[in-house]
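**Q** One structure coming up, written as structure tokens, with questions to follow.
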Amino acid sequence: SGSCSVSSVPAEAVDSWEHGAQGWVLWVALPLMLAESMTAFAIVTAKQLTKQLEREHGTGDAIEIAPPSQLVPRRVWSGGLLAASVLAIAIISPMFDIPAWQTALSLLLSCLIAVLAVRALGQTDLNPVSAVGKLSQIIFALIAPGQVVANVVAGAIAEAGAMQAGDLMQDLKTGHLLEASPRAQFEAQLIGSTFTTVVTVFAYQLYERAYSIPSAQFPALVAHVWKDMAVLMKTGLSALPVSAQRFGAAFAVGGALLSVAEEVLPHSAAAYLPSGVSFGIGMYVTADWAIPRLPPPPPAALLC
């Protein structure tokens, strides 16, 4: 992540993530996305805690649950969670040469973060997976400083947990509205997840053999975000150009204000506020990816 001044960046390095303008823009976009997501995350968490306190005092809304015969027994889901955690530790720790306790801590942190992310998704229709992943990276930078690989793995586990928890929540909510059995859905999800873990690995292997990843055609933009965030947690903010620090701080304040404004303004006015996450993604995604996705594709006849 270097300066983007014309004098210091040669023409061929504009697209460089380490020394070009692309890297500089990333450190302006990332604080914007992180600040907006974390502020919204904090607002949703505070509202959830308030509702929980009201429910404990008998003033909140009652929770609708399915009949006991349709619920998943505690011993089943708790035992499955423990077994899956042991399996994840046994695979991830030797694969990335990470101590087992760090992997276990990442899994525990992902469970806690996933609960809050699901609440945010349910109330805002936006799962802040990117924010919770970066939050895990920040926390792990304090627990295991200077370890880039462990930092990336911790963030990836937290984001994966939040994403899958959000998808399952939406499935179960749909089943609840249709009065489907949660236990039947749980069993179906187990079957689908078991086959998917095998299919996706082979599918990716085939994809990687056909195409070079990363490459000019498939630059793997999000991978650069994760890697640069981990490197920053190791080296500190002093590694960034002064201009990137200043612009990043300004955009972070703007992102936080967007979340606050969305909460305090009437819904009719808040609907016109831009999304900080979308704005930030648009900053570091190159035009050849963004522009074709804006207008509808032209008729084939116009292309001849």
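Note that our numbering gives residue 210 to position 209 of the sequence shown, counting from 1, and the numbers run on in steps of one.
C-beta: ideal position from N, C-alpha, C; glycine also.
Because the structure is a prediction, the values reported are computed rather than measured.
Report buried or exposed for T51, applying the criterion of at least 16 other Cβ atoms within 10 angstroms of its Cβ.
**A** Label assigned to T51: exposed.
**Q** Figure out for me which residue from Q246, V29, K235 has the closest Cα to the Cα of I140.
**A** Out of Q246, V29, K235, K235 has the C-alpha closest to the C-alpha of I140.
**Q** For a test of the three-state rule: what should DSSP assign to I90, helix, strand or coil?
**A** Note: I90 maps to helix in three-state DSSP.
**Q** Quick one, which of I214, E180, D229 has its alpha-carbon nearest V26's?
**A** Nearest C-alpha to V26: D229.
**Q** Okay, do the stretch 96–116 and the stretch 139–157 touch, 3+ Cβ pairs below 8 Å being the bar?
**A** The answer is yes - the stretch 139–157 touches the stretch 96–116, with three or more Cβ pairs under 8 Å.
**Q** Do you know offhand how far S137's Cα is from E180's?
**A** Approximately 36 Å, taken between the alpha carbons.
**Q** Using C-beta distances below 7 Å, list every residue in its chain close to A231, excluding the 5 sequence neighbours before and after it, in chain order.
**A** Contacts found: Q138, V149, N152, V153.
**Q** Counting along the chain, where does the alpha helix (DSSP H) carrying D126 start and finish?
**A** Taken as a continuous stretch (DSSP letters only), D126 belongs to no alpha helix (DSSP H), as it is neither H nor E.
**Q** Buried or exposed for W78, going by 16 or more other Cβ atoms inside 10 Å?
**A** Result: exposed.
**Q** Could you check which residue in P275, S276, A41, A36 has the C-alpha nearest to that of L120?
**A** The question names Leu, but residue 120 in the sequence shown is Arg. Here the closest residue by C-alpha is A41.
**Q** Note down the Cα distance separating V7 from P242, rounded to an integer number of angstroms.
**A** Here the model assigns V7 a pLDDT of 48, short of 50, so the residue's position is not dependable, and the following value carries that caveat. Approximately 14 Å, taken between the alpha carbons.
**Q** Counting C-beta neighbours from all protein chains within 10 Å, is the total for L33 16 or more, i.e. buried, or is it exposed?
**A** Burial call: buried.
**Q** Per DSSP, what kind of secondary structure is E55 in: helix, strand or coil?
**A** E55 falls in the helix class under three-state DSSP.
**Q** Output yes or no for whether 7 Å exceeds the beta carbon distance between A166 and A89.
**A** Their beta carbons are not under 7 Å apart, which means A166 does not touch A89 by this criterion.
**Q** G256 and E37 look like a contact to me (Cβ under 8 Å); what is the Cβ gap, rounded to whole Å?
**A** Between E37 and G256 the Cβ distance is about 4 Å, and since that is below 8 Å, they are a contact.
**Q** Determine the direct distance from the alpha carbon of P215 to that of A224, and round the result to whole angstroms.
**A** Their Cα atoms are separated by approximately 9 Å.
**Q** Hey, quick one: how far does the alpha helix (DSSP H) through I192 stretch, first residue to last?
**A** Where I192 is concerned, the enclosing alpha helix (DSSP H) stretches over 183–211.
**Q** In this structure, does DSSP put I139 in helix, strand or coil?
**A** Helix, per DSSP.
**Q** S260: buried (16+ other C-beta within 10 angstroms of its C-beta) or exposed?
**A** By the 10 Å Cβ count, S260 comes out buried.
**Q** If you draw a straight line from the alpha carbon of A163 to that of I144, how long is it in whole angstroms?
**A** Cα-Cα distance, rounded: 21 Å.
**Q** Take G277 as the anchor and find which of C112, A101, A262 has the nearest alpha-carbon.
**A** Of C112, A101, A262, the residue nearest in Cα terms is A262.
**Q** What are the boundary residues of the alpha helix (DSSP H) that includes E160?
**A** Run containing E160: 149–178, per the alpha helix (DSSP H) assignment.
**Q** Answer yes or no: do A30 and G237 have a C-beta to C-beta separation smaller than 7 Å?
**A** The answer is no: Cβ separation not under 7 Å.
**Q** Give me the Cβ distance between L191 and P183, rounded to the nearest whole Å; I'm assuming they're in contact under 8 Å.
**A** At roughly 13 Å, the Cβ-Cβ gap does not stay under 8 Å, so L191 and P183 are not in contact.
**Q** Taking the alpha carbon of C112 as the reference point, which residue from S94, Q49, Y212, L83 has its own alpha carbon closest?
**A** For the residues S94, Q49, Y212, L83, the minimum Cα distance to C112 belongs to L83.
**Q** Please go through the same chain and pick out, in chain order, the residues whose beta-carbon is closer than 6 Å to the beta-carbon of I93, but skip the five residues on each side of it.
**A** Counting only Cβ-Cβ distances below 6 Å, and skipping sequence neighbours, we find T104.
**Q** Cα separation between K48 and E264?
**A** Their backbone Cα atoms lie some 11 Å apart in a straight line.
**Q** Which class does G81 belong to by DSSP, given the choice of helix, strand or coil?
**A** Helix at G81.
**Q** For A159 versus G123, is the C-beta spacing smaller than 7 Å?
**A** Not closer than 7 Å, so no.
**Q** Which runs of the alpha helix (DSSP H), 4 residues or longer, sit entirely within the stretch 231–273?
**A** Entirely contained in the stretch 231–273, the alpha helix (DSSP H) runs reaching 4 residues are, in chain order, 243–265, 268–271.
**Q** Check whether the Cβ atoms of Q186 and G193 sit closer than 7 Å, and answer yes or no.
**A** No, the pair does not count as a contact, with Cβ atoms beyond the cut-off.
**Q** Contact check, A142 vs V130 under 8 Å by CB: the rounded distance?
**A** Not quite, the Cβ-Cβ distance comes to about 19 Å (not below 8 Å), so this is no contact.
**Q** Can you say whether A253 is buried or exposed, counting buried as having 16 or more other CB atoms within 10 angstroms of its CB?
**A** Buried, since its Cβ has 16 or more Cβ neighbours within 10 Å.
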